[in-house]
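Quick note, the sequences are listed as chains A and B, same order.
Those letters in the first sequence? Residues 1 to 218, by the UniProt record's numbering.
Those letters in the second sequence? Residues 1 to 233, by the UniProt record's numbering.
Inspection log for the structure reproduced underneath, given as structure tokens.
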Amino acid sequence: MSWDWDYALSALPILLQGLQLTVIATIGGYVLAIVLGLVVALVRRLAPRWAGTGVYWVMEFIRSTPLLVQLFVLYFGLPVFGIVLPPMVVGIIGLGLHYAAYTAEVYRSGIEAVPRGQWEAATALNLPTRRVWTGVVLPQAIPKVIPALGNYLISMFKDTPLLLAIGVVELLNSAYRHSARTFEDPFELMTMVGLLFLAVSIPSAIFIRHLERRYAAV
Amino acid sequence: MLNSLPLYLNGVWVTVQITVAGAALALALSFAAGLLGSARRRWIRAIGRVYTEFFRGVAALVLMYWLFYALPYVGFRLDPMFAAILALGLNVGAYGGEVVRGAVNAVPRAQIEATTALNMGYVQRMRLVVIPQAWAAMLPPMGNLLIELMKGSAVVGLITVSDLTFVVRQQWSSGGDTLVVWGLALLFYFLIAQALLLGVRYLERRANARLGRGPAFRAAPEPAAASAGGSGR
Numbered sequence: 001m002s003w004d005w006d007y008a009l010s011a012l013p014i015l016l017q018g019l020q021l022t023v024i025a026t027i028g029g030y031v032l033a034i035v036l037g038l039v040v041a042l043v044r045r046l047a048p049r050w051a052g053t054g055v056y057w058v059m060e061f062i063r064s065t066p067l068l069v070q071l072f073v074l075y076f077g078l079p080v081f082g083i084v085l086p087p088m089v090v091g092i093i094g095l096g097l098h099y100a101a102y103t104a105e106v107y108r109s110g111i112e113a114v115p116r117g118q119w120e121a122a123t124a125l126n127l128p129t130r131r132v133w134t135g136v137v138l139p140q141a142i143p144k145v146i147p148a149l150g151n152y153l154i155s156m157f158k159d160t161p162l163l164l165a166i167g168v169v170e171l172l173n174s175a176y177r178h179s180a181r182t183f184e185d186p187f188e189l190m191t192m193v194g195l196l197f198l199a200v201s202i203p204s205a206i207f208i209r210h211l212e213r214r215y216a217a218v
Numbered sequence: 001m002l003n004s005l006p007l008y009l010n011g012v013w014v015t016v017q018i019t020v021a022g023a024a025l026a027l028a029l030s031f032a033a034g035l036l037g038s039a040r041r042r043w044i045r046a047i048g049r050v051y052t053e054f055f056r057g058v059a060a061l062v063l064m065y066w067l068f069y070a071l072p073y074v075g076f077r078l079d080p081m082f083a084a085i086l087a088l089g090l091n092v093g094a095y096g097g098e099v100v101r102g103a104v105n106a107v108p109r110a111q112i113e114a115t116t117a118l119n120m121g122y123v124q125r126m127r128l129v130v131i132p133q134a135w136a137a138m139l140p141p142m143g144n145l146l147i148e149l150m151k152g153s154a155v156v157g158l159i160t161v162s163d164l165t166f167v168v169r170q171q172w173s174s175g176g177d178t179l180v181v182w183g184l185a186l187l188f189y190f191l192i193a194q195a196l197l198l199g200v201r202y203l204e205r206r207a208n209a210r211l212g213r214g215p216a217f218r219a220a221p222e223p224a225a226a227s228a229g230g231s232g233r
């Protein structure tokens, strides 16, 4: 067979619609991950030791089990407790929770990289805990971890196809369903999906590398 | 519950097989890409770069779908298990290539100069000096990638391979209790991950002991025994 440009281009609007959902899921999941990750990192520093250890093991558990299974657990498990959410919302929560376990580690390394002298100075100035974190530690820790956080944005983007397993019609699923509906063979569509992924992730990777040069990475 | 345990263990076995085979492929590709990427000539480095950028840029599941659903239309029908291993290996290998490149480039310059002074060739230099040092440095990130690969293998059910997730899903749809069945899935994956990490830590200790760093690798407690048997290395 040969590559059929007309067919590939005629399906492009449908793929772009899928890409739109992919991007929404990525952004939603990412916002959740960077907020939740920071909360986790702070809890591990500030909460009593037993709570910190508990949170550590929960995060370790999340990090060493597959995102796909976690999505299934949320999607099929939440209704058991009477919580029924649309697949897209479950997908965003799943992505956010999973990646929070990674971003928490990133924040931790950033916080640990803040020089000891800064902490001592904050103590010497008798700053309240809240000011120490918001005024001294985090403003120094966060810029350093921006490139590492950016890498997880790209990783998350590439994990969004998993949402097809719980019925979200993201990019890959839109191609799959379109070819099933039209009875056309999926070669062009699947290839287009691959190319669209590259079209987003390679420029983003280059951008992240630019960020890495700009902010000295941890 | 108990009489379906063999089914779960079967799924675990398939997951382990895919993980091990995928890791072997990924390791080979990592070394190929990493050594090309740390070469002196620019065009050789470019080959490594292209492989890395391409396979890091595409999601493993997209690659798997392409290999399994699209490729048959141009005449290549792959066994689902093979497609799964190939997709995971190619994907993780691209990440591993960067790890190898970084570790090789991090070997101190003086070590390389010393090999030149000793008139070693490329193969000797790599085999005897660079790789043993780089190996110790690359093991921790490689361990993370191994876990990523193992987790990534959960998607192979979507291209009809009956791995752990696939088995669990079947058990669930044939009436298993939702929380128990999916809880078991998480537990099994967690245990597999911990077992893999244990293996990687063992390799790390061994690699460091070989370089004379860290706590000694206790294989032979008494030095007197060393001359008799040989340590097997």
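Each residue gets a CB set at the ideal place from its N, CA and C atoms; glycine is no exception.
As the structure is a computational prediction, the values presented were derived from the model and not from experiment.
Mind checking residue i: buried by the 16 CB within 10 Å criterion, or exposed?
{"i": "aspartate 159 (chain A)", "result": "buried"}
{"i": "threonine 160 (chain B)", "result": "exposed"}
{"i": "glycine 199 (chain B)", "result": "exposed"}
{"i": "isoleucine 111 (chain A)", "result": "buried"}
{"i": "glycine 167 (chain A)", "result": "exposed"}
{"i": "valine 35 (chain A)", "result": "exposed"}
{"i": "alanine 101 (chain A)", "result": "buried"}
{"i": "leucine 86 (chain B)", "result": "buried"}
{"i": "tryptophan 66 (chain B)", "result": "buried"}
{"i": "threonine 65 (chain A)", "result": "buried"}
Mapping the DSSP letters down to three states, classify residue i as helix, strand or coil.
{"i": "alanine 47 (chain A)", "result": "coil"}
{"i": "valine 167 (chain B)", "result": "helix"}
{"i": "isoleucine 18 (chain B)", "result": "helix"}
{"i": "methionine 138 (chain B)", "result": "helix"}
{"i": "threonine 160 (chain B)", "result": "coil"}
{"i": "leucine 203 (chain B)", "result": "helix"}
{"i": "residue 247 (chain A)", "result": "No answer is possible for residue 247 (chain A): the residues shown for chain A start at 1 and end at 218."}
{"i": "glutamate 222 (chain B)", "result": "With a pLDDT of 48 at glutamate 222 (chain B), under the threshold of 50, the modelled position of that residue is not reliable, and no figure is offered here."}
{"i": "alanine 36 (chain A)", "result": "Note that residue 36 (chain A) is leucine in the sequence shown, not alanine. Helix at leucine 36 (chain A)."}
{"i": "alanine 11 (chain A)", "result": "coil"}
{"i": "serine 4 (chain B)", "result": "helix"}
{"i": "tryptophan 13 (chain B)", "result": "helix"}
{"i": "phenylalanine 68 (chain B)", "result": "helix"}
Mind reading off the beta-carbon distance from residue i to residue j? Whole number of angstroms is fine, and I expect it under 8 Å.
{"i": "aspartate 177 (chain B)", "j": "glycine 11 (chain B)", "result": "Actually they are not in contact, since the Cβ atoms of aspartate 177 (chain B) and glycine 11 (chain B) sit about 17 Å apart, beyond 8 Å."}
{"i": "leucine 196 (chain B)", "j": "isoleucine 147 (chain B)", "result": "6 Å"}
{"i": "methionine 59 (chain A)", "j": "alanine 124 (chain A)", "result": "The Cβ separation is near 33 Å, so there is no contact."}
{"i": "serine 4 (chain B)", "j": "valine 99 (chain B)", "result": "Their Cβ separation, rounded to whole angstroms, is 39 Å, which puts serine 4 (chain B) and valine 99 (chain B) out of contact at 8 Å."}
{"i": "leucine 21 (chain A)", "j": "glutamate 170 (chain A)", "result": "5 Å"}
Taking 9 Å as the CB-CB cut-off, is residue i touching chain A?
{"i": "tyrosine 189 (chain B)", "result": "yes"}
{"i": "phenylalanine 31 (chain B)", "result": "no"}
{"i": "methionine 150 (chain B)", "result": "yes"}
{"i": "glycine 96 (chain B)", "result": "no"}
{"i": "arginine 233 (chain B)", "result": "Reliability fails at arginine 233 (chain B), whose pLDDT of 37 lies under 50, so the model's placement of it is uncertain and the value that follows must be treated cautiously. It does not: the Cβ of arginine 233 (chain B) has no partner Cβ on chain A nearer than 9 Å."}
{"i": "residue 312 (chain B)", "result": "There is no way to answer for residue 312 (chain B), as the model of chain B reaches only from 1 to 233."}
{"i": "tyrosine 69 (chain B)", "result": "yes"}
{"i": "tryptophan 182 (chain B)", "result": "yes"}
Only counting the same chain, and skipping five residues up and downstream in sequence, which positions put a Cβ closer than 7 Å to that of residue i?
{"i": "isoleucine 146 (chain A)", "result": "Leu211, Tyr215"}
{"i": "threonine 19 (chain B)", "result": "Leu149, Met150, Ser153"}
{"i": "alanine 8 (chain A)", "result": "Glu188, Met192"}
{"i": "glutamine 17 (chain A)", "result": "Ser174"}
{"i": "histidine 178 (chain A)", "result": "Ala11, Ile14, Leu189"}
{"i": "alanine 23 (chain B)", "result": "Leu146, Leu149"}
{"i": "proline 223 (chain B)", "result": "Because the pLDDT of proline 223 (chain B) is 47, which lies under 50, any placement of that residue in the model is unreliable, and the number read from its coordinates should be weighed accordingly. There are no such residues."}
{"i": "leucine 19 (chain A)", "result": "Leu171, Leu196"}
{"i": "histidine 98 (chain A)", "result": "Ile62, Leu67, Gln70"}
{"i": "alanine 83 (chain B)", "result": "Met64, Leu67, Phe68, Ile159"}
Could you pull out every residue in the same chain whose Cβ sits closer than 6 Å to the Cβ of residue i, ignoring the five residues on either side in sequence?
{"i": "leucine 61 (chain B)", "result": "Val155"}
{"i": "phenylalanine 166 (chain B)", "result": "Gly157"}
{"i": "alanine 103 (chain B)", "result": "Ala134, Ala137, Met138"}
{"i": "phenylalanine 72 (chain A)", "result": "none"}
{"i": "threonine 26 (chain A)", "result": "Met156, Phe157, Thr160"}
{"i": "alanine 94 (chain B)", "result": "Thr52, Phe55, Arg56"}
{"i": "arginine 45 (chain A)", "result": "none"}
{"i": "leucine 90 (chain B)", "result": "Phe55"}
{"i": "alanine 59 (chain B)", "result": "none"}
Considering only residues of the same chain and omitting the five flanking positions on each side of residue i, which have a CB-CB separation below 8 Å?
{"i": "valine 78 (chain A)", "result": "Per the sequence shown, residue 78 (chain A) should be read as leucine rather than valine. So the qualifying residues of the chain are Val84, Leu85, Val90."}
{"i": "isoleucine 44 (chain B)", "result": "Leu36"}
{"i": "alanine 207 (chain B)", "result": "Pro132, Trp135, Ala136, Leu139"}
{"i": "arginine 213 (chain B)", "result": "Ala136"}
{"i": "glutamine 118 (chain A)", "result": "Val136, Val137, Gln140"}
With 9 Å as the threshold, decide whether the Cβ of residue i is near any Cβ in chain B.
{"i": "tyrosine 7 (chain A)", "result": "no"}
{"i": "threonine 65 (chain A)", "result": "yes"}
{"i": "methionine 88 (chain A)", "result": "no"}
{"i": "tyrosine 176 (chain A)", "result": "yes"}
{"i": "serine 109 (chain A)", "result": "no"}
{"i": "lysine 144 (chain A)", "result": "no"}
{"i": "residue 227 (chain A)", "result": "An answer regarding residue 227 (chain A) cannot be provided, because it is not within the stretch 1 to 218 covered by chain A."}
{"i": "proline 48 (chain A)", "result": "no"}
{"i": "methionine 190 (chain A)", "result": "yes"}
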